[in-house]
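Protein chains in written order, with the working numbering: chain A, -9 to 346; chain B, -9 to 346.
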C-alpha cells in the first residue's frame, strides 16, 4: 500500500463490513467505512482527508441546494482472482469531472489529490471489493463536487466540497430494458450543459421517465429538443443500434455525455472486427429498421451495467420487441470489456490501472 | 399572532438580531433566528416544525447532491409604516413551487402547511423585517425543497425536506444592468424544465455569464436554443422592452419562468394606461430598435429587485446604451408595485396578504 503525504487519514474505529450481505446488495444503498473529502475555500483546495463515512453538515442556504452546482462521476474498482484491485480508465473520469465542473463554473480538482485520494481510499476499504466477475461484483465509486458556500444569491459558489464515496455492487440490470423514444420532453438544450455529468441533468428526466413507466417501459431514449428526429442518449446510458451487421451510435455533442463505456464499446467492437459508424441516428431509420427486421440489436452503455441490452423499443403507439440474434454483439462486447476490467484478458488498450 | 396546532415550534434560545447591521446588508448572506422544516417520508409529509436556524445534516449520498431534485421560491415580506407585515401574492409562489416540484417528480406540499408555517415563521422573526420602502428594506423569504434520501441510484427520491429560510435585505441592484444577448449558450430546452424554479436551471448559466462578465456585462439575455433568434429571459429576471410607447415581453413557455413580478408588471402597466404586448420578441427587432432609437427602455423583473433597468444591451460586437426617457415606464411601474407591496397605495388587484 502506498503512503501519501498529501492525504490526511482518520480511520473508522470499527468496520461496518460484517453487517453487509454481499449476496443481496441493492445498487447504491450500502457504503464503505471511509470517504474522501476535500474542501475548496479561500481560492484553493485545502488538505484532502479520508474520514470515517459520515453525514455532511451544510448551511440550509448552501448553494448546492438552491443553484445546482453539483457534478459527479461513476467509476468501478474490480478485484481479480488473485485479489488485485483494478480501475478502468480512471484518467477519463478525472478529466471529465473537471470538464463538468468547468461548465458549471466550479474549480478544477488537482490530479494528484484525485488519484492519491482515490487509491488511499480503495486501499483502506479494499475488503469491500469482492471478486466474482460472473456476479458483477465490484465497488462502485462516486466522486462528486458540491457548492457549499452559504448564501441565497444566484452566483457561483466560492466554497466547494470534493467527495468520494464507495458502494459495493453487483450486476446492475438483470432483465432487458424496455425503452420509449421521446417525442415531446427533452433532456438537454443546444448550448446547454447536457454533456456535463451534472446533477441538474437528472432531476428533469424523472417525470418524463415516470410517464413512460406508467405505460410499461423502463427508460426514455432522448431525442434532440428541436425536432425530436434524432436519437441522443438514455439519460444514464449512451445508446447503440445494430442495423444488419453494423453498429451505429450518435456522436457526442454539447447535449450528450461523452461516456467512458461508450468509447470503450466503440474501440472494443472495432477490435472484434465489427463495423462501427459514429453518426447522427434518426428516429425514422431506427423505427423503420425495427419494423423491417434489420434492427438486430440495441443496447445502452454505462459504468453501472457496462452494456444493458434493450429488449423493446417503442415510439408513439408502435412497439417492437427485439429478438436476440445468435452472434449477439452486446454479449460479445460486454464479455470482452468485463474481461479487461476484471484482469481476465490481455489489456491491449492500456485501460486497466492497478491500485497498489 | 395566530397560534397553530399544525406546526411544532422550538424557539431559539437567544436572538442573533443584535449582531446584524441592517444598514449594510449583503443580499442573501444574513438569516433570521428561525427556519421552517418539514420532512417527507413513508409517502407523506410529516409534522412541520419551526426550529432555530441551524445546519442541515445529510448523508453524502443524499439525492440532491447527485441528481439535482431541488426547487425553490423567492418571496418577500414588507413592513408598512404602521408596523404591519405584508406578503405579495404568496398564493402564486405556493402554486409555482408545487408546479416546479411536479416537473421534477417531487411531491407537492400541502397548502395549510405552507401558509401556517410561513406565517408562524414570520411572526416569530418579525423584528427582522424593517420598514423603509425608500431603502428597499424587506425580508427575503426562500422556501425550497430538496431530495434527502440516501443512495446513488438515479431515480426519484423517496424522502424530501421542505424548508423556509428568511434573510433581511435592502434594494438589490443599484446600478443599471448591462446585458448581452446569447448567441451560442442556452438556458433551457424545449420540453425541458426551464419553466421550473429548479436549482438545475441556475448552475448552467454561471459559466456563460462569467464569459460576458469578462467583456464588461452583468448578465446574459437568453435566447431560444434552436435558433437564438428569440429573446427569452435573463435567468434571474424576465425581460421587458419598450418600443416607442409599447411595452413588449415574450410569453411564458416550458423554457421560461412564469414570473410573479412579470405578471404583476403586465397588470400594473395596463392599469397605468400603458399598451402591453405579450408576444414573441426577436433579437432582430430589438437590435434594430436599439440602433434606430425606438427602443426607449428595457428592464428585467424579479422578486429581488422588482424592476432592474437595463442600461446597456449588447449583441455580438454591437453595444447600445439606453438613455432613460423622461416618462420612464420602469420607474413608474416599479413605484406603483412597491406602493402596493409596502401598503402605501390602494391594492386594487388584491395582491397584498397581511401576516397577522
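All C-beta atoms in this analysis are idealised placements derived from N, C-alpha and C, irrespective of residue type, glycine included.
Item: Where residue 135 of chain B falls, given that 16 or more other Cβ within 10 Å makes a residue buried; Value: buried
Item: Three-state secondary structure assigned by DSSP to residue 57 of chain B; Value: helix
Item: For residue 1 of chain A, the nearest candidate out of A:97, A:84, A:112, A:30 (CA to CA); Value: A:112
Item: Beta-carbon gap between residue 170 of chain A and residue 205 of chain A smaller than 8 Å; Value: yes
Item: Residue 80 of chain B: first and last residue of the uninterrupted beta strand (DSSP E) it sits in; Value: Careful: residue 80 of chain B lies outside any beta strand (DSSP E), inside the alpha helix (DSSP H) at 80 to 93.
Item: Closest by C-alpha distance to residue 236 of chain A, when choosing among A:27, A:98, A:202, A:259; Value: A:259
Item: For residue 229 of chain B and residue 284 of chain B, believed in contact at Cβ under 8 Å, the rounded distance; Value: The Cβ separation is near 17 Å, so there is no contact.
Item: Residue-chain proximity (residue 59 of chain A, chain B), Cβ-Cβ < 8 Å; Value: yes
Item: Contacts of residue 180 of chain A in chain B (Cβ-Cβ under 7 Å); Value: 176, 215, 216
Item: Contact list for residue 49 of chain A against chain B, beta-carbon separation under 7 Å; Value: 45
Item: Nearest-angstrom Cα separation, counted from residue 335 of chain B out to residue 124 of chain B; Value: 14 Å
Item: Segment contact flag, the region 83 to 95 of chain A with the region 3 to 22 of chain A, C-beta cutoff 8 Å, min 3 pairs; Value: no
Item: Per-residue DSSP class, three states only, for residue 342 of chain A; Value: strand
Item: Beta bridge counterpart(s) of residue 304 of chain A as assigned by DSSP; Value: A:170, A:309
Item: Heavy atom of the ligand ZN within 7 Å of residue 308 of chain B beta-carbon; Value: Among the components modelled here there is no ligand, and therefore nothing to report on the ligand ZN.
Item: C-alpha distance - residue 44 of chain B paired with residue 265 of chain B, whole-angstrom precision; Value: 48 Å
Item: Contact set between the region 90 to 104 of chain A and chain B, restricted to residues whose Cβ is under 9 Å from the partner; Value: 92, 93, 94, 95, 96
Item: Closer than 8 Å to chain A by CB, residue 143 of chain B; Value: yes
Item: C-beta atoms of residue 18 of chain B and residue 142 of chain A nearer than 8 Å; Value: yes
Item: Cβ pair residue 248 of chain A, residue 239 of chain A closer than 8 Å; Value: no
Item: Alpha carbon of residue 312 of chain B to alpha carbon of residue 122 of chain B, nearest angstrom; Value: 30 Å
Item: Start-to-end residues for the beta strand (DSSP E) that takes in residue 292 of chain A; Value: 285 to 292
Item: Nearest residue (CA-CA) to residue 255 of chain B, options B:270, B:293, B:159, B:166; Value: B:293
Item: Local conformation of residue 247 of chain A per DSSP, three classes; Value: coil
Item: Test: residue 226 of chain A CB closer than 8 Å to a CB of chain B; Value: yes
Item: Opening and closing residue of the beta strand (DSSP E) in which residue 101 of chain B lies; Value: That residue, residue 101 of chain B, is in no beta strand (DSSP E); its alpha helix (DSSP H) goes 101 to 114.
Item: 8 Å Cβ cutoff, residue 192 of chain A in contact with chain B; Value: yes
Item: CB contact check: residue 299 of chain B to chain A, cutoff 8 Å; Value: no
Item: Segment limits, alpha helix (DSSP H) that includes residue 327 of chain B; Value: 319 to 331
Item: Proximity test, Cβ basis, 8 Å: residue 56 of chain A and chain B; Value: yes
Item: DSSP three-state assignment for residue 25 of chain A, whether helix, strand or coil; Value: strand
Item: Where the beta strand (DSSP E) containing residue 275 of chain A begins and where it ends; Value: Note, residue 275 of chain A: premise wrong, no beta strand (DSSP E); alpha helix (DSSP H) at 273 to 282.
Item: Residues that residue 78 of chain B contacts on chain A, provided the C-beta gap is smaller than 7 Å; Value: Near residue 78 of chain B there are no residues of chain A at all, since even the closest Cβ is about 18 Å away, more than 7 Å.
Item: Nearest-angstrom Cβ-Cβ length linking residue 349 of chain A and residue 174 of chain B, presumed shorter than 8 Å; Value: Only positions -9 to 346 of chain A appear in the structure, and residue 349 of chain A is not among them; the question remains open.
Item: Contact with chain B by residue 18 of chain A, beta-carbon distance below 8 Å; Value: yes
Item: Beta strand (DSSP E) segment containing residue 142 of chain B, residue limits; Value: Looking at the DSSP string, residue 142 of chain B is not in any beta strand (DSSP E), and its letter there is neither H nor E.
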